[in-house]
Amino acid sequence: MSYQSELEIAIASAIEAGKILKNHFENRDKLQTQYKSKSGRGSPVTNADFESNELLKGKITSNFPDDGWLSEETTDDETRLSKRRVWIVDPLDGTNDFLNGIPEFSISIALVEDKIPVLGVVYNPVSGELYFGVKNEGAFLLKAKDEKSFRNSTAQRLKLNNVRKTTAEASVIVSRKEINKVEKVKLLASKFGQVKFRESIAYKIVSVASGWADAVVSIFDKSEWDLAGAHIIAEEAGLKVTDSHGGKIFYNEKNVRKPGVIIANEFLHDEILRILKSE
Numbered sequence: 200m201s202y203q204s205e206l207e208i209a210i211a212s213a214i215e216a217g218k219i220l221k222n223h224f225e226n227r228d229k230l231q232t233q234y235k236s237k238s239g240r241g242s243p244v245t246n247a248d249f250e251s252n253e254l255l256k257g258k259i260t261s262n263f264p265d266d267g268w269l270s271e272e273t274t275d276d277e278t279r280l281s282k283r284r285v286w287i288v289d290p291l292d293g294t295n296d297f298l299n300g301i302p303e304f305s306i307s308i309a310l311v312e313d314k315i316p317v318l319g320v321v322y323n324p325v326s327g328e329l330y331f332g333v334k335n336e337g338a339f340l341l342k343a344k345d346e347k348s349f350r351n352s353t354a355q356r357l358k359l360n361n362v363r364k365t366t367a368e369a370s371v372i373v374s375r376k377e378i379n380k381v382e383k384v385k386l387l388a389s390k391f392g393q394v395k396f397r398e399s400i401a402y403k404i405v406s407v408a409s410g411w412a413d414a415v416v417s418i419f420d421k422s423e424w425d426l427a428g429a430h431i432i433a434e435e436a437g438l439k440v441t442d443s444h445g446g447k448i449f450y451n452e453k454n455v456r457k458p459g460v461i462i463a464n465e466f467l468h469d470e471i472l473r474i475l476k477s478e
């Protein structure tokens, strides 16, 4: 089945939302920030998150009104659970980096059918990297500075060789919070030749799909919108994607939380899982 129309709408929507985020990023001293807990210690959310979400929801749901919708910044409408097709979106993944002036945040968009992602778009509006993947059609990277440049650019196909590497020969992306707070993650990271950091989980995953690193590991729970868009891109690039226990990840479920994620080629993935289970 072709998803050309869905892909075109998803990419165009991501680029439009990216303009909003980039403008706020360049003027972040004016951002309005809230926290998702009464203590003020929860995850930050800004007016940039909400504006990006409003644009994405408007563009996508107006074009595909019969599909379900799940987003980090929209109250969950559980009628999605009866839908075969659901869009799962994070309008700003990596809000802490965004607030701190680190240009490693992203927009993540996925189309899920029967609990499996079939289309994904992950866009970093500052770097101009736009990753996309379609089930059985491949994963690709477009890189451009503006909308006109995207129209004139050629997509680079992402396809990783399933090279057998030891952890000592490989690089892994983890979060600073996990490596500092979780002994098992610290021990795992110590076995790798190189450790890299990024906050946005979607951007971490596509960075492995592009070859910037060999693996991404997180044992902290993730939400469906954190993973869905990048999941299909990683799989189409030839990577193995599971939760942190080695289980398959399904989407559009009542409980949107997932027990972490491991993404790497098959050989390295299985070695990571073995190390985590032995600790």
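If you count the sequence shown from 1, you need to add 199 to reach my numbering. A virtual CB, placed ideally from N, CA and C, is assigned to each residue, including glycine. The structure presented is a predicted model; accordingly, all values stated were derived computationally and were not measured.
Item to check | Simplified DSSP assignment, three categories, for Y402 | outcome: Your numbering for residue 402 matches position 203 in the sequence shown. In this structure, Y402 counts as helix in the three-state DSSP scheme.
Checklist entry - For G239, which of helix, strand or coil comes out of DSSP? => result Within the sequence shown, the letter at position 40 stands for residue 239. At G239 the pLDDT is 44, less than 50, meaning the model places this residue with poor confidence and gives no usable figure here.
Next on the checklist: Please list the terminal residues of the continuous beta strand (DSSP E) segment that includes G267.
Outcome noted: On the sequence shown, position 68 is the one that residue 267 refers to. Where G267 is concerned, the enclosing beta strand (DSSP E) stretches over 267 to 270.
Next on the checklist: Considering just the uninterrupted stretch of the beta strand (DSSP E) at T441, what are its terminal residues?
Outcome noted: Within the sequence shown, numbered from 1, the residue matching residue 441 stands at position 242. Unbroken beta strand (DSSP E) run through T441: 439 to 441.
Checklist entry - Just reading off the beta strand (DSSP E) that Q393 is part of, what are its end residues? => result Sequence index remark: in the sequence shown, residue 393 carries index 194 (1-based). Taken as a continuous stretch (DSSP letters only), the beta strand (DSSP E) holding Q393 covers 393 to 396.
Item to check | Endpoints, beta strand (DSSP E) assigned at G445 | outcome: One-based indexing of the sequence shown puts residue 445 at position 246. Where G445 is concerned, there is no enclosing beta strand (DSSP E), given that its DSSP letter is neither H nor E.
Checklist entry - Thinking just about the alpha-carbon of each residue, which of S242, D292, T365 is nearest to the one in G428? => result Locating residue 428 in the sequence shown gives position 229, counting from the first residue. Nearest of S242, D292, T365 to G428, Cα basis: D292.
Item to check | Buried versus exposed, by CB contacts within 10 Å (16 or more), S348 | outcome: What you label residue 348 is simply residue 149 of the sequence shown in a count that begins at 1. That one is exposed.
Item to check | Simplified DSSP assignment, three categories, for L220 | outcome: The sequence position of residue 220 within the sequence shown is 21, counting from 1. Here L220 sits in helix by DSSP.
Item to check | Neighbourhood of V415 by C-beta, 6 Å cutoff - its chain only, sequence neighbours within 5 removed | outcome: For the purposes of this step, residue 415 is taken as residue 216 along the sequence shown, with counting starting at 1. Closer than 6 Å at Cβ, skipping near neighbours: I372, K403, I404, V407, I462.
Item to check | Pick from K282, G437, D228, L318 that is closest to S201, judged by C-alpha positions | outcome: Counting from 1 along the sequence shown, the entry for residue 201 is found at position 2. Measuring from the Cα of S201, the nearest candidate turns out to be L318.
Item to check | Beta-carbon contacts of S242 that lie in its chain and below 6 Å, excluding the five residues immediately before and after | outcome: Here residue 242 refers to the residue found at position 43 of the sequence shown. Taken in chain order, the residues that qualify are K235.
Checklist entry - Buried or exposed: which applies to D442, given that a residue is buried once 16 or more other Cβ atoms fall within 10 Å of its Cβ? => result In the sequence shown, residue 442 corresponds to position 243, counting from 1. Its Cβ being crowded by 16 or more others within 10 Å, D442 is buried.
Next on the checklist: On the CB-based measure, 16 or more other CB atoms within 10 Å of its CB, does K421 come out buried or exposed?
Outcome noted: The residue labelled residue 421 in the question sits at position 222 within the sequence shown. Result: buried.
Next on the checklist: Suppose you measure from the CA of D394 to the CA of S417; what does that come to, to the nearest Å?
Outcome noted: Locating residue 394 in the sequence shown gives position 195, counting from the first residue. Locating residue 417 in the sequence shown gives position 218, counting from the first residue. According to the sequence as given, residue 394 is Val; it is not Asp. Roughly 13 Å separates the two Cα atoms.
Next on the checklist: Whole angstroms are fine: how far does the CA of L438 sit from the CA of K457?
Outcome noted: Sequence index remark: in the sequence shown, residue 457 carries index 258 (1-based). Sequence index remark: in the sequence shown, residue 438 carries index 239 (1-based). Those two C-alpha atoms are separated by around 19 Å.
Next on the checklist: Counting only C-beta atoms, is V460 closer than 8 Å to chain C at any point?
Outcome noted: Looking at the structure shown, chain C is missing, and only one protein chain is on hand.
Checklist entry - Of all the options I301, R284, L340, which has the alpha carbon lying nearest to the alpha carbon of I315? => result Counting from 1 along the sequence shown, the entry for residue 315 is found at position 116. The shortest C-alpha separation from I315 is found at R284.
Next on the checklist: One question on the structure: do L255 and P324 come within less than 8 Å of each other, judged by their Cβ atoms?
Outcome noted: Your numbering for residue 255 matches position 56 in the sequence shown. Your numbering for residue 324 matches position 125 in the sequence shown. The answer is no: Cβ separation not under 8 Å.
Next on the checklist: Give me the DSSP bridge partner(s) of G428.
Outcome noted: As a working note, residue 428 is residue 229 in the sequence shown. Answer is none; G428 lacks a bridge partner.
Item to check | Start-to-end residues for the beta strand (DSSP E) that takes in I372 | outcome: Locating residue 372 in the sequence shown gives position 173, where the first residue counts as 1. Unbroken beta strand (DSSP E) run through I372: 370 to 373.
Checklist entry - Span of the alpha helix (DSSP H) holding R473? => result The residue labelled residue 473 in the question sits at position 274 within the sequence shown. Element bounds for R473: 465 to 477.
Checklist entry - Going straight from the alpha carbon of P302 to that of Q355, what length do you get? => result Taking the sequence shown and counting its residues from 1, one reaches residue 302 at position 103. Taking the sequence shown and counting its residues from 1, one reaches residue 355 at position 156. Rounded to whole angstroms, P302 to Q355 spans 22 Å at the Cα level.
Checklist entry - Is G327 helix, strand or coil by DSSP? => result The residue labelled residue 327 in the question sits at position 128 within the sequence shown. Looking at G327 - three-state DSSP - the assignment turns out to be coil, as it is neither helix nor strand.
Checklist entry - In or out: S270 buried (at least 16 other Cβ within 10 Å) or exposed? => result Taking the first residue of the sequence shown as position 1, residue 270 is located at position 71. The residue in question, S270, is buried, as its Cβ has 16 or more Cβ neighbours within 10 Å.
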